[in-house]
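Just so you know, the sequences run in chain order Z and F.
By our numbering, the letter at position 14 of the first sequence is numbered 5, and the numbering carries on one by one without gaps.
By our numbering, the letter at position 66 of the second sequence is numbered 57, and the numbering carries on one by one without gaps.
For glycine and all other residues, C-beta sits at the position ideal for the given N, C-alpha and C.
In what follows, a single structure is set out as structure tokens and then discussed.
Number of protein chains: 2
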Amino acid sequence: MTSLPSVLGDLDPTSDRAVFRQIADQLREAIDRGRFKEGEKLPSEAELVEHYGVSRMTVRNSFSVLTGEGLVHAEHGKGVFVRPRPPVRRLASDRFARRHREQGKSAFIVEADAAGSHPQVDSLEVKEEKASQDISTRLGSVRRVLARRRRYLLDGKPVEFATSYLPLDIARGTQIAEPNPGPGGIYARLEELGHHLDHFEEEIRARMPSPVEVRTLQLASGVPVIHLIRTAYDTEKRAVEVCDTVMAADAYVLSYQLPAN
Amino acid sequence: MTSLPSVLGDLDPTSDRAVFRQIADQLREAIDRGRFKEGEKLPSEAELVEHYGVSRMTVRNSFSVLTGEGLVHAEHGKGVFVRPRPPVRRLASDRFARRHREQGKSAFIVEADAAGSHPQVDSLEVKEEKASQDISTRLGSVRRVLARRRRYLLDGKPVEFATSYLPLDIARGTQIAEPNPGPGGIYARLEELGHHLDHFEEEIRARMPSPVEVRTLQLASGVPVIHLIRTAYDTEKRAVEVCDTVMAADAYVLSYQLPAN
DNA sequence: CACGCATACTCGTATAGACGAGTGGGCAAG
DNA sequence: CTTGCCCACTCGTCTATACGAGTATGCGTG
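This is the structure:
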């Protein structure tokens, strides 16, 4: 019944490459060649134990290599599967341009609808709090800030967690301090309040998620996060908002246009 | 002699959280609190086995969790250490602006010198080859391209691996096809050849590295890569170069300026 | 003093076994 | 036929043991 040999080959006992690495290599190659497709189940631990004649821990060790690479994921009671790639969301550099801010819906909703996905925003929290050292520096030495936290989901799967920070003297008592900031989002409100936006600055990092981020974004292991910190400046060169965003890296492509001069 | 208890605490046998996770949690917290500092050695496996009264595999399992998070790394024969963060290289969005292209040295060299690091560029390969599907699409359906591959190192540590692709009708027979493209790099050459640059488009992804990338960039496990694909357009709207760059994510912060309108 | 080796300590790899817990299919009872 | 349970199969966790290989230290020999 086992057609594994046709896909997987044998171990090389003369190789100094560790057995679990050889197994991982063979599985990886089989996946790369499409012998196992996205979402498909790999041979079970028991089958591989039998096929290679090694102990179960050695097979599990191979799986843990592939899991760390983000290639596969295990499901308790079911098996180990080739990790499917989620639909990717493209973030264009003009996504905050004034011309996109006309209609009522947020960019996230509009975009998702267009892509045929079901968008959702939750875990709203809006409150005043002490600014962290970093946020304080970016906003120009403010002590306390208004923090707006929200999580974005596509088809029920969380993809992004964002917090906006605004100086109290700008945001307090305005619609920005309300759970729903109204059409066009807080940038529209800022402009109505006389803070004409001049430009944004975005800082991008990538790293492995903290345990909290793994939980919040329901990340499979082997999936990094993109950490984006955007600062909005008004025409007076004042930083009027800092937005701290953590995204599931496998769900995003960021895109920027740069002038050549 | 062990002062571990003062740092690490005990296990909670009533908890349904797996033992190796509890141990990982305690170590992570100790690191976060600075009880173990950057580059410092954690207790050895044997010490933790003794302290917690568990088997060695359980301790190793904890370490593998932290390793996957990029928090620690093991050195054979020495111990497990808190992973030091390398000096970060900031890439500003105007790094390819014409005004930075005047002097002879490349941006990478200038920048590194300024930061007091020792820069180095190696594994140069310049050759004509068949364009991949993706590159062909980006360059506007070309069949073959000139590929320029190089690796960038800071203080001996590789941080970035980049390949530039150019259409043959532009690059063949010019200095661009030489190992050393001359002062100002290939963008200066392109402009001299009459391809006046208009703008760049950059696409950014983050993911776990492939085994090849792990080797090329000497990546510790738990370090993702930033994958940046830049396309250069001339004033005729023609794509004249595609640069595919893979960076060690822990060594980079990308920074972009976006207009608000 | 300098060199080399023995040794103890480190992590790396691998085996064998045990029990637990989630999943799904088949079978038996109603 | 439907319901519910049992069982087989899956991965998760943990123990105990063994040997290998890289590193550092110190001691003894030359």
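What residues from the segment 184 to 204 of chain F come within 9 Å of chain Z, judged by C-beta to C-beta, listed N to C?
The residues in question are 187, 188, 189, 190, 191, 192, 193, 194, 195, 196, 197, 198, 199, 200, 201 and 202.
Alpha carbons only, please: which of F:178, F:85, F:211 and F:28 is nearest the one belonging to residue 202 of chain F?
Residue mapping note: residue 202 of chain F aligns to position 211 of the second sequence, counting from 1. Selected option, being the one with the closest Cα: F:211.
Quick check on residue 241 of chain Z - is its C-beta less than 8 Å from some C-beta in chain F?
Counting from 1 along the first sequence, the entry for residue 241 of chain Z is found at position 250. Residue 241 of chain Z counts as touching chain F.
Give a yes or no on whether the minimum CB-CB distance between residue 87 of chain Z and chain F is below 8 Å.
Taking the first residue of the first sequence as position 1, residue 87 of chain Z is located at position 96. At least one chain F Cβ lies under 8 Å of residue 87 of chain Z.
Is residue 334 of chain F helix, strand or coil when you go by DSSP?
With chain F represented from -8 up to 252, any question about residue 334 of chain F goes unanswered, as that position is not in the structure.
For residue 189 of chain Z, which three-state DSSP category applies?
Taking the first sequence and counting its residues from 1, one reaches residue 189 of chain Z at position 198. Residue state, collapsed to three classes: strand.
Can you tell me the Cβ-Cβ gap for residue 75 of chain Z and residue 30 of chain Z, rounded? I've got them flagged as a contact below 8 Å.
Numbered from its first residue, the first sequence carries residue 75 of chain Z at position 84. Numbered from its first residue, the first sequence carries residue 30 of chain Z at position 39. Residue 75 of chain Z to residue 30 of chain Z, Cβ: 5 Å. Contact.
Where do the ends of the alpha helix (DSSP H) carrying residue 48 of chain Z lie?
Within the first sequence, residue 48 of chain Z is the residue found at index 57, counting from 1. Segment 47 to 59, the alpha helix (DSSP H) holding residue 48 of chain Z.
Whole angstroms is fine: what's the gap from residue 188 of chain F's alpha carbon to residue 157 of chain F's?
Working through the second sequence from its first residue, we reach residue 188 of chain F at position 197. Working through the second sequence from its first residue, we reach residue 157 of chain F at position 166. Distance between the alpha carbons of residue 188 of chain F and residue 157 of chain F is about 14 Å.
Determine contact between the segment 125 to 137 of chain Z and the segment 48 to 61 of chain Z, defined as no fewer than three beta-carbon pairs at a distance below 8 Å.
With a cut-off of 8 Å, the segment 48 to 61 of chain Z and the segment 125 to 137 of chain Z do not count as touching, because too few Cβ pairs lie within range.
Do you know whose CA, among F:84, F:164 and F:144, lies nearest residue 117 of chain F's CA?
Position 126 of the second sequence holds residue 117 of chain F. Comparing Cα positions, the closest option is F:164.
Please confirm whether residue 252 of chain F has its beta-carbon closer than 8 Å to some beta-carbon of chain Z.
Numbered from 1 along the second sequence, position 261 holds the residue referred to as residue 252 of chain F. Interface residue, yes.
Shorter than 8 Å from the beta carbon of residue 119 of chain Z to some beta carbon of chain F?
Your numbering for residue 119 of chain Z matches position 128 in the first sequence. Answer no: the Cβ-Cβ gap between residue 119 of chain Z and chain F never drops below 8 Å.
Looking at the C-beta of residue 9 of chain Z, does it have a partner C-beta in chain F at a distance below 8 Å?
For the purposes of this step, residue 9 of chain Z is taken as residue 18 along the first sequence, with counting starting at 1. Output row for residue 9 of chain Z: interface = no.
With 7 Å as the limit, tell me which residues of the segment 205 to 226 of chain Z have their beta carbon closer than that to any beta carbon of chain F; keep them in chain order.
Answer in chain order: 212, 213, 215 and 217.
Hey, how far is the Cα of residue 217 of chain Z from the Cα of residue 239 of chain Z?
Taking the first residue of the first sequence as 1, we reach residue 217 of chain Z at position 226. Taking the first residue of the first sequence as 1, we reach residue 239 of chain Z at position 248. Near 7 Å, if we compare the C-alpha coordinates of residue 239 of chain Z and residue 217 of chain Z.
Could you tell me whether any Cβ in chain F is nearer than 8 Å to the Cβ of residue 13 of chain Z?
Sequence index remark: in the first sequence, residue 13 of chain Z carries index 22 (1-based). It does not; no Cβ of chain F falls within 8 Å.
Secondary structure at residue 222 of chain F, three-state DSSP: helix, strand or coil?
On the second sequence, residue 222 of chain F is found 231 positions in, with the first residue counted as 1. Reduced to three states, the DSSP call for residue 222 of chain F is strand.
What's the C-alpha gap between residue 172 of chain Z and residue 196 of chain F?
On the first sequence, residue 172 of chain Z is found 181 positions in, with the first residue counted as 1. On the second sequence, residue 196 of chain F is found 205 positions in, with the first residue counted as 1. Approximately 30 Å, taken between the alpha carbons.
If you run the structure through DSSP and keep just helix, strand and coil, what is residue 209 of chain F?
Along the second sequence, read from residue 1 onward, the residue named residue 209 of chain F stands at position 218. It is coil, neither helix nor strand.
Between which two residues does the alpha helix (DSSP H) containing residue 123 of chain F stretch?
Taking the first residue of the second sequence as position 1, residue 123 of chain F is located at position 132. Note, residue 123 of chain F: premise wrong, no alpha helix (DSSP H); not H, not E.
Beta-carbon within less than 6 Å of residue 113 of chain F's beta-carbon, same chain only, minus the 5 sequence neighbours each way: which residues are those?
The residue labelled residue 113 of chain F in the question sits at position 122 within the second sequence. If we look at residue 113 of chain F and ignore the five residues flanking it on each side, its Cβ neighbours are 142.
Please confirm if residue 148 of chain F has its CB atom under 8 Å from at least one CB of chain Z.
By one-based count along the second sequence, residue 148 of chain F stands at place 157. Judged by the 8 Å Cβ criterion, residue 148 of chain F is not in contact with chain Z.
If the cut is a Cβ gap below 9 Å, which residues of chain F does residue 59 of chain Z touch?
Along the first sequence, read from residue 1 onward, the residue named residue 59 of chain Z stands at position 68. By Cβ distance, chain F contributes 55, 58, 59, 199, 212 and 213.
On a Cα-Cα basis, can you pick out the residue from Z:145, Z:71 and Z:55 that is closest to residue 101 of chain Z?
By 1-based counting over the first sequence, the position of residue 101 of chain Z is 110. Nearest option by C-alpha distance: Z:145.
Measuring alpha carbon to alpha carbon, tell me which residue in F:24, F:14 and F:99 is nearest residue 40 of chain F.
Mapped onto the second sequence, residue 40 of chain F falls at position 49. Minimum Cα distance to residue 40 of chain F is reached at F:14.
According to DSSP, what are the bridge partners of residue 178 of chain F?
Locating residue 178 of chain F in the second sequence gives position 187, where the first residue counts as 1. DSSP output for residue 178 of chain F lists no bridge partner at all.
On the DSSP letters alone, give me the boundaries of the beta strand (DSSP E) that residue 144 of chain Z sits inside.
Reading the first sequence from its first residue, position 153 is the one you call residue 144 of chain Z. Its beta strand (DSSP E) spans residues 135 to 145.
To which residues of the same chain is residue -8 of chain F closer than 8 Å at the C-beta, ignoring the five residues directly before and after it?
On the second sequence, residue -8 of chain F is found 1 positions in, with the first residue counted as 1. Legend: pLDDT at residue -8 of chain F = 41, less than 50; position of this residue unreliable, value from coordinates given subsequently. Here the set comprises nothing.
I want to see whether chain Z comes within less than 8 Å of residue 245 of chain F, judged by CB atoms only; does it?
Locating residue 245 of chain F in the second sequence gives position 254, where the first residue counts as 1. So yes, residue 245 of chain F belongs to the interface.
Of the residues Z:24, Z:-2 and Z:49, which one's Cα is nearest the Cα of residue 11 of chain Z?
To locate residue 11 of chain Z, count along the first sequence from 1; it is residue 20. The shortest C-alpha separation from residue 11 of chain Z is found at Z:49.
Please list, in chain order, the chain Z residues whose beta carbon lies closer than 7 Å to that of residue 111 of chain F.
In the second sequence, the residue the question calls residue 111 of chain F occupies position 120. The premise fails here: residue 111 of chain F is roughly 24 Å from chain Z at the closest Cβ pair, so nothing lies under 7 Å.
Between residue 248 of chain Z and chain F, is any beta-carbon pair separated by less than 8 Å?
Your numbering for residue 248 of chain Z matches position 257 in the first sequence. For residue 248 of chain Z, the answer is yes, since a Cβ of chain F falls inside 8 Å of its Cβ.
Is it true that the CB of residue 98 of chain F sits closer than 8 Å to the CB of residue 252 of chain Z?
If you number the first sequence from 1, residue 252 of chain Z lands on position 261. If you number the second sequence from 1, residue 98 of chain F lands on position 107. No, these two residues do not count as a Cβ contact at 8 Å.
Using only alpha-carbon positions, find the residue among Z:37, Z:0 and Z:53 that is nearest to residue 9 of chain Z.
Your numbering for residue 9 of chain Z matches position 18 in the first sequence. Residue Z:53 is the option with its Cα nearest to residue 9 of chain Z.
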